[in-house]
Amino acid sequence: MSSDFPRLLSPLELKSVTLRNRVVMGSMHTNLEDRDWHIDRLAAFFAERARGGVGLIVTGGYSPSREGWLWPFACAMLTEADAERHRVITTAVHEAGAKIALQIIHGGRDSNIPNNVAASAVTSPLVAFEPKALSEQGIESTIADHVRCAELAKSAGYDGIELMGGEGFLINQFLAPHTNIRTDGWGGSAANRRRFPVEIVKRTRAALGENFLIMFRMSLADFIEDGQTFEEIIALAKELEAAGVDIINTDIGWHESRVPTIVTSVPRAAFVGYTAKLKAHVTIPVCASNRINMPEVAEEILERGDADLISLARPLLADPEWVNKAAASRVDEINTCIACNQACLDHTFTRQTVSCLVNPRACHETLLQLLPTRHAKRVAVVGAGPAGLSAAIGMAERGHHVELFEAADKIGGQFDLARRIPGKEEFSESIRYFRRKLELTGVTVHLNAHTTAEQLAAGDWDEVVLATGVRPRVPDIPGIDHPMVLSYQELIREERPVGRRVAVVGAGGIGFDVSEFLTVAGNTAMKLEEWQAEWGVTEDEQARGQLTTPKPSPAIREVTLLQRKTGPFGTSLGKTTGWIHRATLDAKGVEQIGGVNYERIDDRGLHISFGPNREGLRVIDVDNVIVCAGQESVRDLKDQLETLGVRVHLIGGADEAGELDAKRAIEQGTRLAAEI
Ligand code: NAP
Ligand code: SF4
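Below is the structure:
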């Protein structure tokens, strides 16, 4: 056992199983669950995490009935044949020494199917169909479906089940007055609203006996109007314990909540206060979750006695070896989840196979492998941004001799800019990871290296990889060279002072980031209390849904964000994160003007007009204009090298600036490393 994290690595004895440590892999829907032919890939995905040392794995959610499908033909555990298919998963995980529980999820009104059912006929803002309120008989058969699903899980070899009682799915819908307006024995009072989950637990325990793990994932903060109060949540936990639950896992927010719960701007371990409060009222183990991504954070939570277990979901997509690395005091080798959602949740909700921005092998374990090479080559990689770094470490890991040439005095490329944006501090962890991997894999790094084509051609390399990145686009606006104009890079690196009134040209991801950067004082991470005030989050036990009136801090500058296209702002932002950036700019009073023509920039400010006839001429009186008009590829070396007869591989922004995207860059670098 490592002395660094003694609590995290200590076993936990439960009635039915002993967990080898306190790390639970939280449930994630990878989209591999939905198709039977992906079951071997899913088993490989879980097995890699089990070999990586995790104590208990919880699968993605399986519906106990077709009525509970999250979408048509989504995964379900309905028959003996389904259970039999799952044996490949349970066997693989058990062989690697971990335990595994099947999560049972019934979508209720969030099921995107025409015959969806719910506690009451209250339509979800997330789906197109009005649900039918379950009759009393319907409730009884839904409880029976859950019990049957648990029995099938047991016959499939699962050590237990987790009942999904959070995130606004069916059980949570019964619990919250927002969605349960029944007046019979299953609604009305808080005690009646609790009956549905408590009956499921009682009957599952009765059917399966003591030798089976029952976890319950509880919403500790609904973050919706007319959600549960914390007093009601405590009462539920006590009843669940009495009914036979072994572990309470915790959950924060509903999918429709307008409070961010897992993105990178949420402070680490932001919701552990709720977990600690709940733990004081029960004797069964309680598991903390949300924005816990490094072992020291997890250990502190356990040390304070705020929780007994730690749930990590996305951090185990990012690094399957997370637990083993913590145990071996190799924390600096952890590939940290930066909570970007770009390859995980954004994929879940667009029905693409989930992966991870910083680890493209996630959910592709059988398809993307970095196997030892039999023919070690000499490889030059030019550019130490995300694409070049992932290519370099991937190739070196395979046994190639890699030298990395970077013109700047540090590695990181666009990540070195991103880490300076308030709320994106986690990007520093990725740079730390890459730096350590370069050392471990023996890549020779040349900084301040302005490599020429001639030098590369003379190097007699077997392979040359160009990952030279991008330069900011300079739009053709009269006055663009006026001293009041800064590129976003100059702004973020704080190379020049910026006044109080600022116009931002271009409203892509960087325009949004820059607008946020301009409105806040300093670029340090927000403290938890500030963040709670910003979003109207309270720990008051009587407040419904744990919500109060938001009190955002005032913007320190007047910012105007502009785009040429008409229509809404921020449509290019991530599916699960875009609304947060839009809400933040609204809260900071950032003026947004679309459909503009940029006429010129002069001492009076930025002159704009509208439409093809250049009408409505207006001057935006500002001290500075920040240009965020996209990028252009830097690939001058490519043609020069090809003229000299050197074949090159072009990756990342140097290959495609229009889609400048770290997810694509890292995946491209890793795939190239697997192929060379
Ligand atoms: P971008 O998304 O391509 O946006 C640049 C914007 O500048 C365009 O939407 C365009 O809008 C405008 N523009 C383009 N050419 C122009 C010109 N000649 N004159 C004036 N305006 C022009 O690029 P980005 O904002 O630099 O972001 C780059 C990439 O970084 C994104 O693709 C994204 O993947 C990533 N990123 C994402 C986030 C996030 O999701 N939160 C944050 C940062 C970066 P109009 O033509 O309508 O004006
Ligand atoms: Fe974490 Fe981003 Fe990877 Fe998702 S894609 S696991 S949020 S680093």
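Sequence positions in the sequence shown follow the working numbering and run 1 to 676.
By construction, the Cβ of each residue, glycine as well, lies at the ideal position given by its N, Cα and C atoms.
Measuring CB to CB, does residue i end up less than 9 Å from residue j?
i, j, result
"Leu-78", "Leu-12", "no"
"Asp-222", "Ala-276", "no"
"Thr-142", "Pro-64", "yes"
"Phe-230", "Pro-197", "no"
"Glu-426", "Thr-584", "no"
"Glu-48", "Glu-365", "yes"
"Gly-388", "Leu-370", "no"
"His-400", "Arg-378", "yes"
"Glu-709", "Ser-219", "Residue 709 falls outside the range modelled here, since the chain spans only 1 to 676, and no answer is possible."
"Ala-384", "Val-470", "no"
Residue i bridges to which residues according to DSSP?
i, result
"Trp-254", "Glu-167"
"Val-678", "The displayed coordinates of the chain run from 1 to 676. Any statement about residue 678 would go beyond what the structure contains."
"Tyr-598", "Ile-608"
"Thr-576", "None; Thr-576 has no bridge partner."
"Ile-104", "Tyr-62, Leu-163"
"Gln-592", "Leu-561"
"Glu-13", "Thr-18"
"Ile-421", "Ile-421 is not bridged to any residue."
"Arg-49", "None, per the DSSP bridge assignment."
"Ile-477", "Answer is none; Ile-477 lacks a bridge partner."
"Cys-340", "In DSSP, Cys-340 forms no bridge with anything."
With a CB to CB cut of under 6 Å and the five nearest residues on each side skipped, what residues in its chain are close to residue i?
i, result
"Glu-241", "Val-282, Ile-284"
"Val-117", "Glu-67, Pro-131, Lys-132, Leu-134"
"Ala-587", "Pro-552"
"Leu-637", "Ala-453, Leu-466"
"Pro-320", "Glu-48, Arg-49, Gly-52"
"Phe-271", "Ile-252, Asn-290"
"Val-498", "Asn-624"
Applying the criterion that 16 or more other CB atoms from any shown protein chain within 10 Å of the CB defines a buried residue, is residue i buried or exposed?
i, result
"Gln-546", "buried"
"Trp-37", "exposed"
"Lys-527", "exposed"
"Leu-606", "buried"
"Asp-462", "exposed"
"Thr-204", "buried"
"Gly-589", "exposed"
"Gln-532", "buried"
"Ala-206", "exposed"
"Thr-468", "buried"
"Thr-261", "buried"
"Arg-195", "buried"
"Ile-556", "exposed"
"Gln-137", "exposed"
"Asp-661", "buried"
"His-375", "exposed"
"Gly-185", "exposed"
"Asn-293", "buried"
"Glu-296", "exposed"
"Thr-350", "exposed"
"Pro-125", "exposed"
"Arg-268", "buried"
What residues in its chain sit with their C-beta under 7 Å from that of residue i, if we drop five residues either side in the sequence?
i, result
"Leu-208", "Ala-150, Glu-151, Lys-154"
"Val-54", "Val-23, Met-25, Ala-98, Leu-316, Val-323"
"Gly-511", "Val-504, Leu-561, Cys-628"
"Lys-279", "Val-286, Asp-306, Ala-307"
"Glu-199", "Ile-143"
"Asn-180", "Ala-119, Ser-120, Gln-173, Phe-174, Gly-187, Arg-193"
"Glu-232", "Ala-190"
"Thr-519", "Ala-555, Ile-556, Arg-557, Val-559, Lys-588, Val-590"
"Tyr-158", "Thr-90, Ile-100, Ala-101, Leu-102"
"Val-93", "Phe-46, Ala-47, Ala-50, Ile-57, Ile-100"
Here's a check: name, in chain order, each residue in its chain whose Cβ is nearer than 8 Å to the Cβ of residue i, leaving out the five neighbours to either side.
i, result
"Ile-601", "Ile-477, Pro-478, Gly-479, Ile-480, His-482, Met-484, Val-485, His-607, Val-625"
"Ile-224", "Gly-168, Ala-176, His-178, Trp-254, Glu-256, Ser-257, Gly-545, Leu-547"
"Leu-368", "Pro-360, Arg-361, Thr-670, Arg-671, Ala-674"
"Ser-609", "Val-596, Asn-597, Glu-599, Glu-615, Gly-616, Leu-617, Arg-618"
Validate contact between the stretch 339-352 and the stretch 437-455 using beta carbons, cut 8 Å, 3 pairs: In this structure the stretch 339-352 does not lie against the stretch 437-455, because fewer than three pairs of beta carbons, one per stretch, are closer than 8 Å.
Touch test, the stretch 609-617 against the stretch 572-589, Cβ-Cβ under 8 Å, three pairs minimum: Result no; under three Cβ-Cβ pairs closer than 8 Å.
Is there contact here, the stretch 243-261 with the stretch 210-227, by at least three beta-carbon pairs under 8 Å? At 8 Å Cβ cutoff, the stretches touch.
Taking contact to mean at least 3 C-beta pairs separated by less than 8 Å, is the stretch 291-307 in contact with the stretch 40-48? The stretch 291-307 makes no contact with the stretch 40-48; the number of CB pairs closer than 8 Å stays below 3.
Is the stretch 550-564 in contact with the stretch 500-514, if contact means three or more CB pairs nearer than 8 Å? The answer is yes - the stretch 500-514 touches the stretch 550-564, with three or more Cβ pairs under 8 Å.
Does the stretch 621-637 come close enough to the stretch 594-609 to have 3 or more Cβ pairs within less than 8 Å? With the cut-off at 8 Å, the stretch 621-637 and the stretch 594-609 touch.
Do the stretch 323-342 and the stretch 635-644 make contact, defined as three or more Cβ pairs closer than 8 Å? With a cut-off of 8 Å, the stretch 635-644 and the stretch 323-342 do not count as touching, because too few Cβ pairs lie within range.
Sufficient close CB pairs (3 or more, under 8 Å) joining the stretch 489-496 to the stretch 400-410: Short answer: they don't touch.
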